[in-house]
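Numbering (full-length UniProt numbering), first residue to last: 1 to 155. All remarks here apply to the structure that follows.
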């Protein structure tokens with residue numbers, strides 16, 4: 001099973017890339033994490049935010065594969081404990097499908113894209129900076145994998 005993180009935003013600081021890579025390299029090939037950056041829609045003074053979000057959604061849809069389990073990361077999604085994430089990951093793996101995790105831009109995911117997802121997951125009721133979300137996701141996926149295989153990382 002492969003997990004693809006499709007995240008709006010490019011040119012992350014080095015500490016983000018290093019943090020994500022630390023957990024990516026710990027994961028086995030059969031639970032690989034790939035990160036794909038999606039160019040954000042234009043923002044600035046007098047920007048058309050709905051148009052920017054629609055463009056981001058279009059770019060994300062173009063990267064989706066038809067057989068993936070699509071999970072939208074949303075503040076209003078369902079909160080999972082680490083143990084519940086491990087259960088979800090095991091269910092995904094048993095289904096034999098790859099997973100696409102979607103992270104929107106500064107204004108979130110376009111509502112239609114979020115509604116079309118198979119699942120909606122909330123990392124926290126807090127508003128988290130997008131660079132930090134990438135590291136948090138990578139670590140939690142690694143932690144979930146360690147639970148699945150009985151590794152002592154999660155105590």
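A virtual CB, placed ideally from N, CA and C, is assigned to each residue, including glycine. Remember, predicted model here, so these are calculated numbers, not experimental data.
Where the alpha helix (DSSP H) through residue i begins and ends
i          : result
residue 22 : 14-24
residue 55 : 49-63
Residue closest to residue i, alpha-carbon to alpha-carbon, out of the options
i          : options               : result
residue 61 : 103, 48 and 76        : 103
residue 22 : 150, 154, 137 and 147 : 137
residue 65 : 139, 54, 3 and 94     : 3
residue 37 : 48, 117 and 63        : 63
residue 1  : 153, 145 and 151      : 145
residue 69 : 152, 117, 11 and 42   : 117
residue 96 : 119, 67 and 72        : 67
Continuous beta strand (DSSP E) stretch holding residue i: start and end
i           : result
residue 120 : 119-122
residue 34  : 32-38
residue 6   : 2-8
Which residues DSSP lists as bridging residue i, in chain order
i          : result
residue 68 : In DSSP, residue 68 forms no bridge with anything.
Distance, residue j Cα to residue i Cα
i           : j           : result
residue 29  : residue 75  : 30 Å
residue 79  : residue 124 : 7 Å
residue 131 : residue 106 : 11 Å
residue 114 : residue 58  : 12 Å
Could you name each continuous beta strand (DSSP E) segment of 3 residues or more that falls completely within the region 70-153, going from the start of the chain to the end? Within the region 70-153, the complete beta strand (DSSP E) runs of at least 3 residues are 99-103 and 119-122.
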